[in-house]
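Numbering (the UniProt record's numbering), first residue to last: 1 to 256.
Each residue gets a CB set at the ideal place from its N, CA and C atoms; glycine is no exception.
Owing to the predicted nature of the structure, the values given are computational and were not obtained by experimental measurement.
Step one of this worksheet: look at the structure below.
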């Protein structure tokens with residue numbers, strides 16, 4: 001679970017809710033007409049921009065990004081070096097029943113066990129990596145579109161409310177509800193864009209970069225293992241994926 005995202009989204013929602021409760025009745029901020037315009041309008045307009053598969057896939061990608069956290073780079077390198085040691089001592093068949101932390105890595109290990117050559121492994125896994133990258137990019141685009149459309153739908157709702165209010169100025173009772181629609185649609189649009197759509201889009205973009213980098217690390221390691229590269233050399237090669245300070249630790253000789 002990605003607790004940073006959860007804490008951020010829930011924390012921001014609680015702050016807004018607290019401000020509402022401390023100020024007046026929460027029911028004042030609930031308006032079905034405004035919700036219909038902003039939420040329904042935003043979803044339908046965004047759907048018009050994408051296919052059903054892309055639209056629904058964006059929510060699946062978001063759920064996956066929040067539910068599953070990528071392993072630390074250092075931990076992945078240690079796992080890969082251990083795999084390289086086993087392959088060097090027992091052969092690649094010794095990896096057949098090994099428990100693997102990542103489905104992508106597990107797919108590569110199975111290719112090793114099946115006797116695929118390094119070129120084939122690299123080509124197939126690169127295709128898989130590009131498909132994952134495209135899936136995450138598509139999800140980020142959907143939520144970015146929501147962040148763009150929601151405030152615009154809020155403005156449309158505001159204009160509708162103002163037109164209703166100005167067309168019925170002789171009836172004082174109609175001014176309040178019409179003004180509520182006008183203001184609440186703007187509020188709903190801003191909240192959807194700022195507190196939901198933009199954070200999710202940015203999270204998917206970040207996850208896209210991190211996952212692509214991690215998969216590149218796996219591919220480099222698997223090809224090196226298939227070629228019989230010394231595990232120590234593999235560790236040094238993979239250390240390029242680490243931040244400079246952690247890279248220096250790997251470069252230090254044992255016992256130093």
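Test item: CB-CB of residue i and residue j under 7 Å
i, j, result
"residue 143", "residue 200", "yes"
"residue 94", "residue 100", "no"
"residue 146", "residue 42", "yes"
"residue 61", "residue 139", "yes"
"residue 178", "residue 161", "yes"
"residue 212", "residue 133", "yes"
"residue 214", "residue 137", "no"
"residue 5", "residue 66", "yes"
"residue 210", "residue 9", "no"
"residue 231", "residue 81", "yes"
Cut-off 6 Å between Cβ atoms - residues of its own chain near residue i, not counting five sequence neighbours on either side
i, result
"residue 222", "108, 121"
"residue 124", "none"
"residue 241", "73, 217"
"residue 33", "181"
"residue 156", "none"
"residue 168", "174"
"residue 48", "none"
Cβ-Cβ separation, residue j to residue i (assumed contact under 8 Å), whole Å
i, j, result
"residue 234", "residue 84", "5 Å"
"residue 46", "residue 188", "That belief does not hold up - the Cβ atoms of residue 46 and residue 188 are roughly 15 Å apart, past 8 Å."
"residue 130", "residue 225", "In fact, because the Cβ distance is near 22 Å, the residues do not count as touching under 8 Å."
Endpoints, alpha helix (DSSP H) assigned at residue i
i, result
"residue 78", "73-90"
"residue 116", "Here residue 116 belongs to no alpha helix (DSSP H), and DSSP marks it neither H nor E."
"residue 28", "Careful: residue 28 lies outside any alpha helix (DSSP H) and carries neither H nor E."
"residue 197", "Neither: residue 197 is in no alpha helix (DSSP H) and is coded neither H nor E."
"residue 44", "41-49"
"residue 238", "231-238"
"residue 95", "Segment: none, residue 95 is in no alpha helix (DSSP H) and carries neither H nor E."
"residue 68", "No alpha helix (DSSP H) holds residue 68; DSSP gives it neither H nor E."
Own chain, CB closer than 7 Å to residue i, minus 5 neighbours either side, in chain order
i, result
"residue 29", "20, 184"
"residue 227", "118"
"residue 50", "142"
"residue 79", "101"
Contacting residues, own chain, Cβ-Cβ under 8 Å from residue i (five flanking each side not counted)
i, result
"residue 128", "104, 107, 215"
Legend entry - Segments of 4+ residues assigned as alpha helix (DSSP H) that fall wholly inside the UniProt domain "MotA/TolQ/ExbB proton channel" (98-212): Within the UniProt domain "MotA/TolQ/ExbB proton channel" (98-212), the alpha helix (DSSP H) runs of at least 4 residues that lie entirely inside it are, in chain order, 103-113, 118-167, 172-191.
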